[in-house]
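> Residue numbers (this note's numbering): 239 to 524.
All C-beta atoms in this analysis are idealised placements derived from N, C-alpha and C, irrespective of residue type, glycine included.
All of these numbers come straight from a predicted model, not from anything done at the bench.
Sharing a structure here in structure tokens format.
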Amino acid sequence: WFHAHRKAVKRTTQMRNRILSYLSDQGVRLAKGTSLTKGMAAEAQLRPLKAWSPRQWQVIEGMLMELRHADEQRDHWRSLIAQEVLADPQLLSIVRLCGVREMVAFALGALIGDIKRFAEPRKLVKYIGLNPAFDHSGQGQWSGGIAGHGRKDLRGLLIESAQAILRSHHPLAKWGKKLLARKGELKLVVAAVARKLTVAIWYLLQGRWTPVEEIDERLALKVGKILTQVGPAGLKQLGKTRPAYRAEIYQTLKTGRVYALAPDKKFLPKPAAEPAPTLAAEYGLR
Numbered sequence: 239w240f241h242a243h244r245k246a247v248k249r250t251t252q253m254r255n256r257i258l259s260y261l262s263d264q265g266v267r268l269a270k271g272t273s274l275t276k277g278m279a280a281e282a283q284l285r286p287l288k289a290w291s292p293r294q295w296q297v298i299e300g301m302l303m304e305l306r307h308a309d310e311q312r313d314h315w316r317s318l319i320a321q322e323v324l325a326d327p328q329l330l331s332i333v334r335l336c337g338v339r340e341m342v343a344f345a346l347g348a349l350i351g352d353i354k355r356f357a358e359p360r361k362l363v364k365y366i367g368l369n370p371a372f373d374h375s376g377q378g379q380w381s382g383g384i385a386g387h388g389r390k391d392l393r394g395l396l397i398e399s400a401q402a403i404l405r406s407h408h409p410l411a412k413w414g415k416k417l418l419a420r421k422g423e424l425k426l427v428v429a430a431v432a433r434k435l436t437v438a439i440w441y442l443l444q445g446r447w448t449p450v451e452e453i454d455e456r457l458a459l460k461v462g463k464i465l466t467q468v469g470p471a472g473l474k475q476l477g478k479t480r481p482a483y484r485a486e487i488y489q490t491l492k493t494g495r496v497y498a499l500a501p502d503k504k505f506l507p508k509p510a511a512e513p514a515p516t517l518a519a520e521y522g523l524r
């Protein structure tokens with residue numbers, strides 16, 4: 239589902255750019271933000287912009303049909319993903335983290351799998367590829383960063399979440415801005431915030447959580463946006479009304495998991511292995 243949605247998004251972007259390029263070749267420029275996927279509204283907007291020949295207009299109609307089809311596919315997969323997140327208490331619990339919505343939560347569940355595979359947060363960070371890695375090969379040349387290893391698809395989503403956190407008033411955003419003042423490099427700060435978010439996800443999926451008393455305004459807004467992605471058709475197939483489903487989701491969130499994104503949270507130290515008992519100790523000998 240995740241990759242099908244990404245392909246639909248890519249196809250929608252390609253077709254929109256192709257239409258804009260064709261219009262530009264014909265000397266037509268659209269205003270920024272003009273929608274080309276709202277039913278017959280696109281044809282009504284484009285028709286009076288130029289005296290199109292019959293063949294030119296047929297080309298435009300064909301590209302608009304492809305664009306609408308790709309956009310419908312994107313909405314279809316987004317609705318399925320939103321329904322899955324709302325139906326899964328563990329995935330829904332991840333939505334409570336700042337900067338995370340249904341797409342990130344679904345990708346985490348789909349790509350991480352069993353969280354027990356990762357004994358500590360550091361291993362999950364390394365799996366995603368948010369730990370700095372250096373290449374020391376060659377004639378004394380090296381390069382470092384977070385690119386080139388780990389799950390690129392999941393890392394990109396968490397980077398976007400970290401950017402959203404930095405735009406908010408969350409305590410982690412304040413921590414990131416202080417780090418930016420010291421380091422002076424935005425990419426480094428975004429990666430650091432994404433690592434903090436990954437640590438919170440590890441704790442949350444491991445079941446280390448505390449209940450929440452009430453749904454705040456931020457979380458209520460996020461739930462409303464996810465319900466919008468489900469859409470009227472999705473709600474009809476589920477046999478639910480929006481107010482009743484919202485109340486059901488709130489109840490699940492209150493009994494689900496939460497983890498505070500603490501800026502000062504550190505990695506847990508790896509427990510030292512106990513030394514193997516000697517034969518003398520095992521048999522009580524000296």
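Rounded to whole angstroms, what is the Cα-Cα separation between ALA402 and MET303?
34 Å
> What is the DSSP secondary structure of PHE356, reduced to helix, strand or coil?
coil
> Are there 16 or more other CB atoms within 10 angstroms of the CB of HIS408, so buried, or fewer, so exposed?
So HIS408 counts as buried.
> Does DSSP classify TRP290 as helix, strand or coil?
coil
> At a threshold of 6 Å, does SER399 count as lining the ligand ATP (C-beta to nearest heavy atom)?
This structure lacks the ligand ATP, and indeed carries no ligand of any kind.
> For LEU268, name the three-state secondary structure that DSSP assigns.
Here LEU268 sits in coil by DSSP.
> Just to confirm the assignment: which complete alpha helix (DSSP H) runs, minimum length 4, are found wholly within the stretch 311-362?
Listed in chain order, they are 327-332, 340-350.
> Report the option in PHE240, ASP352, GLY271, ASN255 whose CA atom is closest to the CA atom of ILE528.
This structure cannot settle anything about residue 528, because the visible part of the chain is limited to 239 through 524.
> Give me the Cα-Cα distance between GLN324 and ARG306, rounded to the nearest whole angstrom.
Looking at the sequence itself, residue 324 is Leu, so the reference to Gln does not match. Here the alpha carbon of LEU324 sits roughly 27 Å from the alpha carbon of ARG306.
> Just reading off the alpha helix (DSSP H) that SER262 is part of, what are its end residues?
240-263
> So, helix, strand or coil for ILE370, using DSSP?
The sequence given here places Pro at residue 370; Ile does not occur at that position. Coil, per DSSP.
> Tell me whether the beta-carbon of ALA435 lies closer than 7 Å to the beta-carbon of VAL427.
In the sequence on display, residue 435 carries Leu and not Ala. For LEU435 and VAL427, no; Cβs fall outside 7 Å.
> Can you tell me the Cα-Cα spacing of TYR488 and SER317, whole angstroms?
19 Å
> Where do the ends of the alpha helix (DSSP H) carrying GLY445 lie?
It is not in any alpha helix (DSSP H) - GLY445 carries neither H nor E in the DSSP assignment.
> In the DSSP assignment, the alpha helix (DSSP H) including ARG393 goes from what residue to what residue?
390-404
> Identify which residue in ARG312, VAL431, LEU476 has its Cα closest to the Cα of VAL363.
Its Cα nearest to that of VAL363, the residue VAL431 stands out among ARG312, VAL431, LEU476.
> Short of 8 Å in beta carbon distance, which residues of its chain neighbour ILE397, apart from the five on each side in sequence? Order them along the chain.
VAL428, ALA429, ALA432
> How many angstroms separate the CA atom of LYS460 from the CA atom of GLY469?
A direct Cα-Cα distance of roughly 15 Å separates LYS460 from GLY469.
> So the alpha helix (DSSP H) LEU284 belongs to, where does it begin and stop?
Counted as a single uninterrupted DSSP element, the alpha helix (DSSP H) harbouring LEU284 occupies residues 279-284.
> So is SER259 buried or exposed if we call it buried at 16+ other beta carbons inside 10 Å?
exposed
> Going by the beta-carbon positions, is the gap between PHE356 and ILE319 smaller than 7 Å?
no
> Where ARG411 and ARG293 are concerned, what is the direct C-alpha to C-alpha distance, given to the nearest angstrom?
Checking the sequence, you will find Ala at residue 411 rather than Arg. About 54 Å.
> When you compare the stretch 275-290 with the stretch 330-342, are there three or more beta-carbon pairs, one atom per stretch, that lie closer than 8 Å?
no
> Can you tell me where the alpha helix (DSSP H) holding LEU459 begins and where it ends?
455-476
> Give me the Cα-Cα distance between ARG484 and GLN311, rounded to the nearest whole angstrom.
25 Å
> Can the beta-carbon of PRO359 be found closer than 7 Å to that of TRP440?
yes
> Hey, how far is the Cα of ASP352 from the Cα of SER406?
Cα to Cα, ASP352 sits roughly 31 Å from SER406.
> How about GLY367 and ARG393: do their beta carbons lie closer than 7 Å?
yes
> Could you check which residue in GLN475, THR479, GLU423, GLU486 has the C-alpha nearest to that of HIS314?
GLN475
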